[in-house]
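Take 0 as the starting number for the sequence shown in numbering that gives the first Met the number 0 and just add one per residue. To start, the structure itself, in structure tokens.
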Amino acid sequence: METRAQVYEGKAKILYATDDPTLLVQHFKDDATAFNAKKRGTIHDKGVVNNRMSEHLFRYVEAHGVHTHFVERTDDRRMVVRRLTMLPIEVIVRNRIAGSLAKRIGVKEGTAARRRIIEFSLKSDALGDPLLTDDHILALGLVEEETLNEVKRIAGQLDDLLTAFFAQRGLELIDFKVEFGLDAEGRLTLGDEICPDTMRLWDMKSGEKKDKDRFRHDLGQVEETYQEVLARVLAD
Ligand code: ADP
Ligand code: UDP
């Protein structure tokens, strides 16, 4: 398989076309952004960690019945994925109240949620990814109802799988963001990445933050934490 022209460059990744129209190469950069890209920086070898960790977690969830875009990892920073038509929404799953939600509703970060929260936002950097209700999504025709129900079901399944996976490694999964798309056959598929950029992980013993919040809030030990989380993920 041959890598062709760049089709998209985002904040954290670059997508390249290939000689197979159904496949893309996803390249992971070290660039880091936070607070709707108001804060920018780089995290040394973040791209390597996120590529390797996404590979591991895509394989894990695929083995447990979640259809993903992952095909193969080709080098330190690149993986081959199925080309998807992305849904225009981000899917956020929360087990505790943290981050922007804690701030927005004035609740202490870390407050337990009585039940899992699944929420959506519009994929729009220009608008700062605003929150969307189910009604907004359906009324605006952003996603078909059947597909949205399936998204929610898979998001719950992913939460159960990932919570158990990280608990075995001494980490509590606080929240995460995933993106879905439709593949060439119209099948709902998990895309994008699963890594410390897109989830909150707290050490179960010390309570320490083991994710991008170290970068967001200048907590130090950013690179070391990414490497540590990768090592814990790969340990069987
Ligand atoms: P952003 O676009 O938010 O800056 P990234 O730098 O992570 O984020 O860019 C990756 C882009 O690729 C995202 O817009 C994501 O929706 C999209 N994407 C992820 N997986 C696929 C896929 N399999 N096919 C097509 N697009 C994808
Ligand atoms: N998240 C993400 N990309 C986004 C927004 C959120 O990966 O554009 C992740 C974030 O890392 C966290 C979860 O989704 O794990 C919930 O994020 P929140 O809405 O609290 O926003 P944040 O505090 O990250 O701005």
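Each residue gets a CB set at the ideal place from its N, CA and C atoms; glycine is no exception.
For residue i and residue j, what's the separation of their Cα atoms in angstroms?
| i | j | result |
| --- | --- | --- |
| Lys211 | Trp201 | 11 Å |
| Asn49 | Leu22 | 20 Å |
| Asp182 | Leu189 | 10 Å |
| Arg115 | Ile91 | 10 Å |
| Gly155 | Thr146 | 14 Å |
| Val198 | Asp74 | Rather than Val, the amino acid found at residue 198 in this sequence is Met. In a straight line, the C-alpha of Met198 is about 23 Å away from that of Asp74. |
| Ala166 | Val228 | 12 Å |
| Val221 | Asn35 | 19 Å |
| Gln25 | Lys12 | 7 Å |
| Thr110 | Tyr7 | 38 Å |
| Thr224 | Lys45 | 10 Å |
| Lys208 | Ala33 | 16 Å |
| Arg77 | Val47 | 8 Å |
| Phe69 | Cys194 | 14 Å |
| Pro16 | Ser205 | The question names Pro, but residue 16 is Ala in the sequence shown. The alpha-carbon atoms of Ala16 and Ser205 are separated by roughly 44 Å. |
| Arg72 | His63 | 19 Å |
| Leu131 | Leu83 | 22 Å |
| Lys107 | Leu157 | 26 Å |
| Val65 | Ile153 | 7 Å |
| Thr67 | Phe57 | 7 Å |
| Arg264 | Ala112 | A question about residue 264 goes unanswered here, because the residues of the chain that appear run from 0 up to 235. |
| Gly180 | Asp235 | 30 Å |
Is the beta carbon of residue i within less than 7 Å of some heavy atom of the ligand UDP?
| i | result |
| --- | --- |
| Gly98 | yes |
| Lys211 | yes |
| Thr132 | no |
| Phe164 | no |
| Thr197 | yes |
| Ile91 | yes |
| Phe175 | yes |
| Asp128 | yes |
Does the ligand ADP have a heavy atom nearer than 7 Å to the CB of residue i?
| i | result |
| --- | --- |
| Asp191 | yes |
| Tyr15 | no |
| Ala11 | yes |
| Arg76 | no |
| His26 | no |
| Glu178 | yes |
| His66 | no |
| Leu23 | yes |
| Met85 | yes |
| Arg82 | yes |
| Tyr225 | no |
| Tyr59 | no |
What distance in whole Å lies between the Cβ atoms of residue j and residue i, which are believed to be in contact at a cut-off of 8 Å?
| i | j | result |
| --- | --- | --- |
| Met203 | Leu170 | 6 Å |
| Glu149 | Leu187 | 5 Å |
| His55 | Val177 | Rounded, the Cβ-Cβ distance is 15 Å, inconsistent with contact. |
| Val79 | Met0 | 7 Å |
(request) Could I get the ranges of all uninterrupted beta strand (DSSP E) runs contained in the segment 128 to 208, with 3 residues as the minimum, in chain order? (result) If we require 3 residues or more, the beta strand (DSSP E) runs fully inside the segment 128 to 208 come out as 170 to 177, 179 to 181, 187 to 189 and 198 to 202.
(request) Kindly confirm or deny that the segment 29 to 48 and the segment 206 to 226 touch, where touching means at least three C-beta pairs closer than 8 Å. (result) Result yes; three or more Cβ-Cβ pairs closer than 8 Å.
(message) Under 8 Å: do the segment 77 to 89 and the segment 121 to 130 share three or more Cβ pairs, one atom per stretch?
(response) Contact annotation: the segment 77 to 89 touches the segment 121 to 130, with at least three C-beta pairs closer than 8 Å.
(request) Output the residue ranges of the beta strand (DSSP E) runs that lie fully inside the segment 86 to 123 and measure 3 residues or longer, sorted by chain position. (result) Those beta strand (DSSP E) runs which fall completely within the segment 86 to 123 and span 3+ residues are 88 to 96 and 110 to 121.
(message) I'd like to know if the segment 95 to 103 and the segment 164 to 179 are in contact, where contact means that at least 3 CB-CB pairs between them fall below 8 Å.
(response) With contact defined as three or more Cβ pairs closer than 8 Å, the segment 95 to 103 and the segment 164 to 179 are in contact.
(message) Could you tell me which whole beta strand (DSSP E) segments of length 3 or greater appear in the segment 29 to 55?
(response) Uninterrupted beta strand (DSSP E) stretches at least 3 residues long and entirely within the segment 29 to 55 occur at 30 to 33 and 38 to 41, given in chain order.
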